[in-house]
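These notes are about the structure you will find just below.
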Amino acid sequence: MRAFMLLIGFALLSALSSGPLAAAKLGETCDGIAALRCDEGLWCEHPSGQCTVADGAGMCAKAPEVCTQDYKPVCGCDGKTYGNDCERRAAKAQLDHIEECAN
9 MRAFMLLIGF
19 ALLSALSSGP
29 LAAAKLGETC
39 DGIAALRCDE
49 GLWCEHPSGQ
59 CTVADGAGMC
69 AKAPEVCTQD
79 YKPVCGCDGK
89 TYGNDCERRA
99 AKAQLDHIEE
109 CAN
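Start counting at 1 in the sequence shown, then tack on 8, and there's your number in the working numbering.
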């Protein structure tokens, strides 16, 4: 048991002394219990409906710069209705559900 505890302690010390984790790249896992951040210019998009999930993981994505004006409303976790999903992603808002937000 003592050897096991020493091994765990050594592994923990190694992990803590290795410095900050590298930022996640496009399409890689982000946030979660490890709080992994995305590379510069990316944001962490979580699966829909996980607005209140603590330590939820997402995927690093690039926010669109231009969106169409098609009206297909979606509700963001911020309680705002976006005209379409592209507009929500451009605002870097997490998706609550498809359709307008209830007000």
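Glycine included, C-beta positions come from ideal geometry on N, C-alpha and C.
- For the putative contact between Cys-75 and Gln-102, defined by C-beta atoms under 8 Å, what is the C-beta separation to the nearest angstrom? Here residue 75 is taken as the residue at index 67 of the sequence shown, counted from 1. Here residue 102 is taken as the residue at index 94 of the sequence shown, counted from 1. Between Gln-102 and Cys-75 the Cβ distance is about 17 Å, and since that is not below 8 Å, they are no contact.
- Compute the Euclidean distance between the alpha carbons of His-54 and Ala-69, then round it to the nearest angstrom. Position 46 of the sequence shown holds residue 54. Position 61 of the sequence shown holds residue 69. Rounded to whole angstroms, His-54 to Ala-69 spans 10 Å at the Cα level.
- Query: Should Gly-66 go down as buried or exposed, given a rule of 16 or more other Cβ atoms within 10 Å for buried?
  - Reply: One-based indexing of the sequence shown puts residue 66 at position 58. Result: buried.
- Task: Check whether the Cβ atoms of Gly-49 and Asp-63 lie closer than 8 Å to each other.
- Result: Within the sequence shown, numbered from 1, the residue matching residue 49 stands at position 41. Within the sequence shown, numbered from 1, the residue matching residue 63 stands at position 55. No; because the gap between Cβ atoms is not below 8 Å, this pair is not in contact.
- Measure the Cβ-Cβ separation of Asp-47 and Ala-71 and say whether it is below 8 Å. Within the sequence shown, the letter at position 39 stands for residue 47. Within the sequence shown, the letter at position 63 stands for residue 71. No, they are not a contact pair.
- Could you give the uninterrupted runs of the alpha helix (DSSP H) lying entirely in the segment 52-98, keeping only those of 4 residues or more? 93-98
- Query: Taking the alpha-carbon positions, what's the Leu-34 to Ala-43 distance?
  - Reply: As a working mapping, residue 34 is identified with position 26 in the sequence shown. As a working mapping, residue 43 is identified with position 35 in the sequence shown. Computed Cα separation, rounded: 16 Å.
- Grab me the residues of Arg-97's own chain with a C-beta within less than 6 Å of its C-beta, minus the 5 sequence neighbours each way, in chain order. To locate residue 97, count along the sequence shown from 1; it is residue 89. Excluding sequence neighbours, Arg-97 sits near Ala-71, Pro-72.
- Who are the Cβ neighbours of Ser-56 in its own chain at under 6 Å, not counting the five residues just before and after it? Taking the sequence shown and counting its residues from 1, the one referred to as residue 56 is at position 48. Cβ within range, chain order: Leu-103.
- With 16 other CB atoms within 10 Å as the buried threshold, where does Tyr-79 fall? Counting from 1 along the sequence shown, the entry for residue 79 is found at position 71. Label assigned to Tyr-79: exposed.
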